[in-house]
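Worksheet for the structure shown next.
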Amino acid sequence: MAVSLPTAYGMHVADKSCDHHIVNQLAFTLYNPQALSKTNMVSGIVVVNKSSGPISVFVSKYSNSHGDDAWFTLGPGASDTWGRSGWELVAFKNHDDSDRAGVYVHANHAVTFNSLHNITIA
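Going by our numbering, the first residue of the sequence shown is number 3, and it counts up by one from there.
Shown next as structure tokens:
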């Protein structure tokens with residue numbers, strides 16, 4: 003029996019030997035970025051922006067000296083993953099850098115930004 007993943011992310015799997023549980027888990031994760039912290043399929047830190055506007059995010063590189071610790075902009079509803087393996091600082095700043103907030107988090111967790119005063123870790 004062939005298994006197919008949604009093509010919305012440019013992925014298509016058709017392999018009769020696929021483990022259906024893994025394929026279902028991958029498909030669920032593609033549509034639910036916050037679930038990455040619970041799947042062990044991706045190593046790193048996932049940051050999700052659930053606010054109504056863009057936010058600047060920074061992830062330290064203590065556990066990955068080759069990682070990038072520049073500020074990146076995440077649009078509303080967007081998410082991104084940083085390749086890290088240990089404890090890191092995830093920081094946020096507003097558009098004019100007049101306010102900042104952050105959390106320490108271990109890899110394989112998701113950080114959800116709701117506002118500068120409402121940041122959660124899963």
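No residue lacks a Cβ here, since even glycine has one placed at the ideal position from N, Cα and C.
Keep in mind it's a predicted model, so treat the numbers as computed, not measured.
Residue 95 - containing beta strand (DSSP E), residue span
Taken as a continuous stretch (DSSP letters only), the beta strand (DSSP E) holding residue 95 covers 89-95.
By a C-beta neighbour count over all protein chains shown, 10 Å radius and 16 as the cutoff for buried, is residue 81 buried or exposed?
Buried, by the Cβ-count rule.
Assuming the contact rule is C-beta atoms closer than 8 Å, residue 83 and residue 48 should be a hit. Round their C-beta distance to whole Å, please.
Yes, they are in contact, since the Cβ atoms of residue 83 and residue 48 sit about 5 Å apart, within 8 Å.
With a threshold of 16 other CB atoms inside 10 Å of the CB of residue 86, please say whether the residue is buried or exposed.
Burial call: buried.
Provide the residue span of the beta strand (DSSP E) that contains residue 106, from first to last.
It spans 102-108 - the beta strand (DSSP E) in which residue 106 sits, taken as one unbroken run.
Going by DSSP, what residues sit across from residue 111 in a beta bridge?
Per DSSP, 47.
First and last residue of the beta strand (DSSP E) that includes residue 66?
Bounds of any beta strand (DSSP E) do not take in residue 66, whose DSSP letter is neither H nor E.
Under three-state DSSP, which class holds residue 118?
Per DSSP, reduced to three states, the secondary structure at residue 118 is coil, with no helix or strand assignment.
With a CB to CB cut of under 8 Å and the five nearest residues on each side skipped, what residues in its chain are close to residue 88?
By the criterion of a C-beta distance shorter than 8 Å, residue 88 is surrounded in its chain by 64, 65, 108 and 109, once the five residues flanking it on both sides are discounted.
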